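In my numbering, the protein residues as written are 10 to 311. Please read the structure below before turning to the comments.
Right, dumping it as structure tokens:
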């Protein structure tokens, strides 16, 4: 019964800062994740590498990004034919040429379809993480194996899980899973302020990592956030900035490679009251109508 907003973010794998974000309604034509992603192709520059999930593995996106000099690494789409067969021992790779799809007015305009190349050469890499049974197939436009080894590409895609943790920091650690604003304009302002505060914490983590000679992702996000809160409540001078850095580096994050975290909810609804499954105004009208019914009044008399 709560309104929802779709937010697509582009973050930096190195620092975790949000480079760009875009919002849209949850439903409607041209409001999906792919549409928002294509609208933000302009933020990528030649030489950038985009790491995404299987939802962004489309011929149109890979062709448009490749034309801008941008390569992409993502998991294979469920509709794509997997060329690998048999048991995956360690790591397999293959080069596949994908032809241009047929024209579909629901996917792109005639002008976009005619501008697409006739085919694209894909590099597909299949590997199995140590200790797991599932096999992962990656699709990338980094076809030069002499410059980009398959092991390096597999390791790069493994870092995508850090982005899931970054989104969790915004929702859980910063408490922005539920927004408080009630109008679209105020929701945009609240999201913008949340992104600004999130990047401020990430900037502190980067500065602290440079002084401690560590990686920014080895710094605790919650500890850095608490350092900023304490600085705003108690400390007043710029001489206390070193205290913020020392406080942020007082708790380092352990390296836990190869973690397997299924998409399951941990939080439970601990309230004793039932959930509101209908809009509140219509429920209130039904309560008033029931109270005006004399039969229901007599039925409720003990």
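Ideal Cβ placement from N, Cα and C applies to all residues, glycine included. Just so we're clear, the structure is a prediction, and the values are computed from it rather than from any experiment.
Asked                                                                                                          : Found
Separation of residue 35 from residue 179, as counted between CA atoms                                         : 19 Å
Whole-angstrom distance between residue 229 and residue 239, CA atom to CA atom                                : 15 Å
Cβ pair residue 60, residue 26 closer than 8 Å                                                                 : no
Residue 139 versus residue 98 - alpha carbon distance                                                          : 10 Å
Endpoints, the beta strand (DSSP E) within which residue 105 is located                                        : 100-108
Test item: CB-CB of residue 132 and residue 102 under 8 Å                                                      : yes
Range of the contiguous beta strand (DSSP E) that encloses residue 195                                         : That residue, residue 195, is in no beta strand (DSSP E); its alpha helix (DSSP H) goes 193-221.
Residue burial classification, residue 153 (beta-carbon count within 10 angstroms, cutoff 16)                  : exposed
Under the three-state DSSP convention, the category residue 26 falls into                                      : coil
Whole-angstrom distance between residue 217 and residue 225, CA atom to CA atom                                : 8 Å
Residue 129 beta carbon less than 8 Å from that of residue 159                                                 : no
N- and C-terminal bounds of the beta strand (DSSP E) containing residue 39                                     : Neither: residue 39 is in no beta strand (DSSP E) and is coded neither H nor E.
Pick from 37, 161, 155, 170 that is closest to residue 21, judged by C-alpha positions                         : 170
Cβ neighbours of residue 308 in the same chain (closer than 7 Å, five flanking residues each side left out)    : Its pLDDT being 42, under 50, residue 308 is placed unreliably by the model, and the measurement read from it follows with that caveat. Excluding positions up to five away in sequence, the list is empty.
Strand pairing of residue 151, partner residues [DSSP]                                                         : Residue 151 pairs with nothing; no bridge assigned.
Buried or exposed by the 16-neighbour rule on C-beta atoms within 10 Å, applied to residue 112                 : exposed
Buried versus exposed call for residue 222 [16 or more other C-beta atoms within 10 Å across all chains shown] : exposed
C-alpha gap between residue 75 and residue 201, whole angstroms                                                : 30 Å
Nearest neighbour of residue 33, chosen from 283, 264, 196 [CA to CA]                                          : 196
Residue 220 vs residue 236 beta-carbon contact at 8 Å                                                          : no
Option nearest residue 144 by Cα separation, candidates 94, 263, 19                                            : 94
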